[in-house]
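Have a look at the structure below before the remarks.
In our numbering, the protein residues as written are 667 to 1097.
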């Protein structure tokens, strides 16, 4: 208060300075959040629709059985060709469906939701992995490519399968292993229990662990071997698998029995997979009828073993992060392209690895692009077979792109990417 000739005058205190504006997020980060919102909205719009009939029926039945009876004795109550990993997710879905009394549309949405969420989380893991090799803008581009990959979007949001959950766990395992995290082997067990197609990753991680802890390529004078992590890896892997399987009344040998039983369900060279046997035999042909002297089953095992050996040998020779990522991608791709009894979806868990490998080496991008194209067409082909009564494609498309000769060509194109991946892996990039 101040005095004036006419009396006291009230004087307001000066207004406080406005706070400084928070700095805007970098443009790549804003772009990532924008595309993340777009990807989430796309999935929300698609989730209530579609659904591969036999897969959705199986998931619903397993979810209801688990909600009603629990996991004990699950494998004795009917057909189930899944390991226990993803059954925990279906158990939760079954409990929620029963508690909320969801109608069919809402139940379908909930059934597909976990895999859709895995897509979004997987993009974050791919981003962290790509940052090891690219600046932020490039890493964001890789993550966005994963989010919007048509094969991923179709498999999870429309088809209703859970392959991306296995892919998420597998690529998270790789990230943990590159950071020497002790939980990497526990995460690896979870990945295999959700999707056994991720098992080739175990060999790559094993070689990486040995080279980092016992036999590094260049041994400095002060180096001391660290046998502890090696000694702990296998027990952690097996203990995690045993703990996950125990509530189902299944032991480690029981898991092997379940794997063998699942492999025997489809004794065919290719179960609609565009791979080597789709090119050689077509689809739904026995893998026990000899081809060039051997049954395709043995050819597939032998060729897969050779490809995996080439990957492991290269990772052993050069266990840097670029080689490890490209090696993991190549191992998973080979496990789709060469063996028999392969379904069309089995390449989906390899997608985050393939895209991350593209971030490490430009030479990988062509085979990754070709595999992405072929995989997308493969999924569309498998989903739209007339006997499934799902979606009817135009006759001209069936007579051209999806005719038997054309599918063999597409299968051969997919197989042709493997030498390109192996070449990029074995030959170090030019500096």
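Virtual Cβ for every residue (Gly too), placed ideally from N, Cα, C. Keep in mind it's a predicted model, so treat the numbers as computed, not measured.
(Q) If the criterion is Cβ atoms closer than 8 Å, does the pair residue 918 and residue 851 meet it? (A) no
Q. Run through DSSP, which three-state label would residue 720 get?
A. helix
Q) Cα-Cα, which of 1009, 848, 1077 is closest to residue 933? A) 1009
Q) Can you give the Cα-Cα distance for residue 1080 and residue 1054, rounded to whole angstroms? A) 25 Å
Q.
Between 1075, 696, 1019, which has its C-alpha nearest residue 870's C-alpha?
A. 1019
Q: Look at residue 637 and residue 818 and say whether their C-beta atoms are less than 8 Å apart.
A: The structure shown does not extend to residue 637, since the chain spans only 667 to 1097, so no value can be given for it.
Q) Which value, in whole angstroms, describes the spacing of the CA atoms of residue 774 and residue 716? A) 9 Å
Q.
By alpha-carbon positions, which one of 1067, 876, 949 ends up nearest to residue 897?
A. 876
**Q.** Segment limits, alpha helix (DSSP H) that includes residue 974
**A.** 962 to 983
Q.
What does the Cβ neighbour count give for residue 1038, buried or exposed, with the cut at 16 atoms within 10 Å?
A. buried
Q) For residue 710, which three-state DSSP category applies? A) helix
Q) Going by alpha carbons, who is nearest to residue 1033 out of 769, 1017, 741? A) 1017
Q) Excluding five sequence neighbours on each side, which residues of the same chain lie with their C-beta closer than 8 Å to the C-beta of residue 892? A) 879, 880
Q) Is it true that the CB of residue 756 sits closer than 8 Å to the CB of residue 718? A) no
**Q.** For residue 936, the residue or residues it bridges with in DSSP
**A.** 1008
Q: Take residue 795 as the anchor and find which of 786, 806, 722 has the nearest alpha-carbon.
A: 806
Q: Quick one: residues in its chain with C-beta nearer than 6 Å to the C-beta of residue 1078, no 5 flanking neighbours on either side, listed in chain order?
A: 945
Q) residue 920 to residue 744, Cα distance in whole Å? A) 16 Å
Q | Closest by C-alpha distance to residue 779, when choosing among 964, 1060, 829, 972 | A | 829
Q: Look at the Cβ atom of residue 915, then the Cβ atom of residue 739, and state whether they are nearer than 8 Å.
A: yes
Q. Quick one: what's got a C-beta closer than 7 Å to residue 948's C-beta in the same chain, skipping five residues either side?
A. 1070, 1074
Q. Whole-angstrom Cβ separation of residue 831 and residue 792, contact assumed at under 8 Å?
A. Between residue 792 and residue 831 the Cβ distance is about 15 Å, and since that is not below 8 Å, they are no contact.
Q) For residue 1069, which of helix, strand or coil comes out of DSSP? A) coil
Q: Might you give, ordered along the chain, the residues of its own chain that have their beta carbon closer than 6 Å to the beta carbon of residue 982, omitting 5 neighbours on each side?
A: 873
Q.
In this structure, how does DSSP classify residue 837 when only helix, strand and coil are distinguished?
A. helix
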